[in-house]
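Reviewing the structure listed below.
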Amino acid sequence: MKFAPRFAVLLAAAAVVAGCAPQTSDNSSSDKDDQSGTLRVWLFQEVGNDPKAKVVDSVVTAFEKAHKGTKVDVEYIPIDTRAQRVKAAFNDPKSAPDVMEYGNTDTAGYVKDGGLLDVTKEFGAWSEAKDTDPTAKQSVTVDGKLYGSPFYVGVRALYYRTDVFKDLGLQPPKSMAELAATARKIHKAKSDLYGLVVGGAYTYGAMPFVWANGGELATAKGGSGGSYTSAIDSAAAQKGIKAYTSLFTSDNCPAAKCAVMGGNDTITAFAAGKAGMAIGGDFSHTAVEAGKVKGKYAVVPLPGVASGSVAPAFAGGNNIGVLKSTSHRTLAVDLMEQLTSKKTQASMFDAMGFLPTFTDVRDAAAAKVPFEKPFVQTLAAGTKFVPASPGWSEIDSSLVLPTMLQEVISGKKSVAAASGDAAKKMNSAFSSAG
Numbered sequence: 408m409k410f411a412p413r414f415a416v417l418l419a420a421a422a423v424v425a426g427c428a429p430q431t432s433d434n435s436s437s438d439k440d441d442q443s444g445t446l447r448v449w450l451f452q453e454v455g456n457d458p459k460a461k462v463v464d465s466v467v468t469a470f471e472k473a474h475k476g477t478k479v480d481v482e483y484i485p486i487d488t489r490a491q492r493v494k495a496a497f498n499d500p501k502s503a504p505d506v507m508e509y510g511n512t513d514t515a516g517y518v519k520d521g522g523l524l525d526v527t528k529e530f531g532a533w534s535e536a537k538d539t540d541p542t543a544k545q546s547v548t549v550d551g552k553l554y555g556s557p558f559y560v561g562v563r564a565l566y567y568r569t570d571v572f573k574d575l576g577l578q579p580p581k582s583m584a585e586l587a588a589t590a591r592k593i594h595k596a597k598s599d600l601y602g603l604v605v606g607g608a609y610t611y612g613a614m615p616f617v618w619a620n621g622g623e624l625a626t627a628k629g630g631s632g633g634s635y636t637s638a639i640d641s642a643a644a645q646k647g648i649k650a651y652t653s654l655f656t657s658d659n660c661p662a663a664k665c666a667v668m669g670g671n672d673t674i675t676a677f678a679a680g681k682a683g684m685a686i687g688g689d690f691s692h693t694a695v696e697a698g699k700v701k702g703k704y705a706v707v708p709l710p711g712v713a714s715g716s717v718a719p720a721f722a723g724g725n726n727i728g729v730l731k732s733t734s735h736r737t738l739a740v741d742l743m744e745q746l747t748s749k750k751t752q753a754s755m756f757d758a759m760g761f762l763p764t765f766t767d768v769r770d771a772a773a774a775k776v777p778f779e780k781p782f783v784q785t786l787a788a789g790t791k792f793v794p795a796s797p798g799w800s801e802i803d804s805s806l807v808l809p810t811m812l813q814e815v816i817s818g819k820k821s822v823a824a825a826s827g828d829a830a831k832k833m834n835s836a837f838s839s840a841g
């Protein structure tokens, strides 16, 4: 795809002048700040990685040309083994990269481990940074300090079958109550379809229901940063949990089949033509296009409680940061900025469909690619992020929230009991994380 001429002008004006010499900083944990040599970079290996590699190669070529005597060595690492690789890198600086890509929910944990460099000063002085989406900026922020630059953002919205809706005379739902009613109408008329396919192990499909009802995952003690206290058992959060788990019924998505589903399972079901609606991300587009529903679906923002409102969605995505152990601090920070610049993010959107974290670049992209509009609308309406605590990794890996949902769905526990137990587990993780 090609961008509109005005977008090309925007990018040309926004591009960082490669020939400008970066300012040297002096608060690196390494005693060195070499101005030449080899910079090692770790980026995630995508399913179809060639388009990403081509964009990165162009950035690297320009960077090496602008910095004589400097070479950039890029390695693409498997996402599913990143935890072991990163832990080893933090423990052995000699084997560590200078710059790396990481999931935005990993920020706080990596900061606690002492692996990421504080780039607050440089990010603040970067002219492009002012246009960064606030939630994306939050994903690189811990205790008011910044530890990287946002690379791309991912968000979920509501996919629906246009042929099914036309056949049944339905309109896209404008509220969560309409969403549930529409789902049941679909299943009643077409018993072979889930109305809205949902998953008991689909944390980020469930959380918009909690957030739309005024609930939160946790609240920061003292108002911001530092330690957290779980809020998943609050009255508002419980209302959202009840709204989501009420969809696991025989008249929509039977618990026996849907309780174990994760996010990928729900998209697979929708793509295979087994559901009237699904909650999926902009990153789900390729899978849906490859399925039986190609040409027979559309996307709108997931509705909130009030008619016409948009439910807050989780802002996922990846960041790029500099390791604290780098001996090329100034060069590494400059490369981080080049890899996450407006020009690069626009090229990544073109190549991979990754949504930019800069609001102006994202708006221009959505204007050119209609499919992205509901996702951009969702981002503009306000998104949410996980607590900036290293304890979140434990909460996520130990499946605290999916367990809570499945206990309610199975009838094993009431919403109050399940959310109360989940809150205790979350608080234990927050406390042990410090």
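Heads up: the sequence shown begins at 408 in our numbering, then just goes up one per residue.
Heads up, the beta-carbon is just placed ideally off N, CA and C, and yes, glycines get one too.
Contact with chain D by residue i, beta-carbon distance below 9 angstroms
{"i": "residue 467", "result": "The chain inventory of the structure shown lacks chain D, comprising one protein chain alone."}
Own chain residues within Cβ distance below 7 angstroms of residue i, not counting five before or after
{"i": "residue 579", "result": "567, 707"}
{"i": "residue 703", "result": "568, 569, 570"}
{"i": "residue 654", "result": "587, 590, 603, 605, 660"}
{"i": "residue 536", "result": "530"}
{"i": "residue 794", "result": "624, 625, 635"}
Alpha carbon of residue i to alpha carbon of residue j, nearest angstrom
{"i": "residue 573", "j": "residue 510", "result": "39 angstroms"}
{"i": "residue 842", "j": "residue 575", "result": "Summary: the structure shown does not reach residue 842, with the chain confined to residues 408 through 841, and so no result is reported for it."}
{"i": "residue 515", "j": "residue 796", "result": "5 angstroms"}
{"i": "residue 500", "j": "residue 732", "result": "6 angstroms"}
{"i": "residue 745", "j": "residue 489", "result": "23 angstroms"}
{"i": "residue 809", "j": "residue 666", "result": "9 angstroms"}
{"i": "residue 705", "j": "residue 781", "result": "10 angstroms"}
{"i": "residue 513", "j": "residue 550", "result": "15 angstroms"}
{"i": "residue 634", "j": "residue 599", "result": "47 angstroms"}
{"i": "residue 468", "j": "residue 546", "result": "29 angstroms"}
{"i": "residue 751", "j": "residue 466", "result": "7 angstroms"}
{"i": "residue 671", "j": "residue 688", "result": "10 angstroms"}
{"i": "residue 623", "j": "residue 837", "result": "15 angstroms"}
{"i": "residue 696", "j": "residue 775", "result": "19 angstroms"}
{"i": "residue 502", "j": "residue 803", "result": "28 angstroms"}
{"i": "residue 738", "j": "residue 563", "result": "35 angstroms"}
{"i": "residue 497", "j": "residue 621", "result": "38 angstroms"}
{"i": "residue 694", "j": "residue 439", "result": "46 angstroms"}
{"i": "residue 742", "j": "residue 784", "result": "31 angstroms"}
{"i": "residue 822", "j": "residue 539", "result": "38 angstroms"}
{"i": "residue 753", "j": "residue 767", "result": "10 angstroms"}
{"i": "residue 411", "j": "residue 765", "result": "The pLDDT assigned to residue 411 is 35, lower than 50, so where the model puts this residue is not dependable, and the model offers no usable value."}
{"i": "residue 676", "j": "residue 668", "result": "10 angstroms"}
Cutoff 6 angstroms; reference residue i; Cβ partners in own chain excluding five residues on either side
{"i": "residue 827", "result": "640"}
{"i": "residue 756", "result": "763, 772"}
{"i": "residue 602", "result": "590, 591, 593, 594, 659, 683"}
{"i": "residue 714", "result": "581, 582"}
{"i": "residue 651", "result": "613, 616"}
{"i": "residue 434", "result": "Low confidence applies to residue 434: its pLDDT is 38, below 50, so where it sits in the model is not reliable, and the reading given next is rough at best. Nothing listed; no residue qualifies."}
{"i": "residue 631", "result": "Per-residue confidence for residue 631 stands at a pLDDT of 48, beneath the threshold of 50, marking its modelled position as unreliable; the derived number appears in the next sentence. So the list is empty, once near-sequence residues are dropped."}
{"i": "residue 415", "result": "The pLDDT assigned to residue 415 is 34, lower than 50, so where the model puts this residue is not dependable; a value taken from the coordinates is nonetheless given after this. No residues qualify anywhere along the chain."}
{"i": "residue 711", "result": "619, 717, 718"}
{"i": "residue 352", "result": "Nothing about residue 352 can be reported from this structure: the residues present for the chain run from 408 to 841 only."}
{"i": "residue 840", "result": "796, 797, 798"}
{"i": "residue 449", "result": "482, 484, 504, 507"}
{"i": "residue 451", "result": "486, 508"}
{"i": "residue 829", "result": "639, 807, 811"}
{"i": "residue 517", "result": "523"}
{"i": "residue 553", "result": "526, 527, 530, 547"}
Bounding residues of the alpha helix (DSSP H) (the contiguous stretch that carries residue i)
{"i": "residue 569", "result": "569–575"}
{"i": "residue 675", "result": "670–678"}
{"i": "residue 765", "result": "From DSSP, residue 765 is part of no alpha helix (DSSP H); its letter is neither H nor E."}
{"i": "residue 518", "result": "514–519"}
Endpoints, beta strand (DSSP E) assigned at residue i
{"i": "residue 627", "result": "625–627"}
{"i": "residue 478", "result": "477–484"}
{"i": "residue 810", "result": "Taken as a continuous stretch (DSSP letters only), residue 810 belongs to no beta strand (DSSP E), being part of the alpha helix (DSSP H) at 807–816."}
{"i": "residue 621", "result": "Looking at the DSSP string, residue 621 is not in any beta strand (DSSP E), and its letter there is neither H nor E."}
{"i": "residue 704", "result": "704–707"}
Own chain, CB closer than 8 angstroms to residue i, minus 5 neighbours either side, in chain order
{"i": "residue 628", "result": "634, 635, 636"}
{"i": "residue 480", "result": "445, 446, 447, 448"}
{"i": "residue 805", "result": "832, 836"}
Proximity test, residue i beta-carbon vs the ligand NAD heavy atom, cut-off 8 angstroms
{"i": "residue 440", "result": "Of ligands this structure carries none, so the ligand NAD is not represented either."}
Exercise for the section: Count the C-beta pairs between the segment 776–794 and the segment 709–722 that are closer than 8 angstroms, then say yes if the count reaches three, no if not. Expected result: yes
Practice task
Pair every Cβ in the segment 491–506 with every Cβ in the segment 451–464, then say whether three or more of these pairs are closer than 8 angstroms.
Solution key: no
Handout entry: Sufficient close CB pairs (3 or more, under 8 angstroms) joining the segment 652–665 to the segment 583–599
Key = yes
Practice task
Indicate whether the contact test is met: 3 or more Cβ pairs, each with one atom in the segment 608–622 and one in the segment 643–656, closer than 8 angstroms.
Solution key: yes
Practice task
Kindly confirm or deny that the segment 672–692 and the segment 541–557 touch, where touching means at least three C-beta pairs closer than 8 angstroms.
Solution key: no
Handout entry: 4 or more residues per run - each alpha helix (DSSP H) lying fully within the segment 521–548
Key = 527–532, 541–545
Problem - 4-residue-minimum alpha helix (DSSP H) runs that sit fully inside the segment 728–794, ordered along the chain - result: 736–746, 749–759, 766–775, 780–788
Problem - Within the segment 580–608, ranges of the beta strand (DSSP E) (whole runs, at least 3 residues) - result: 601–604
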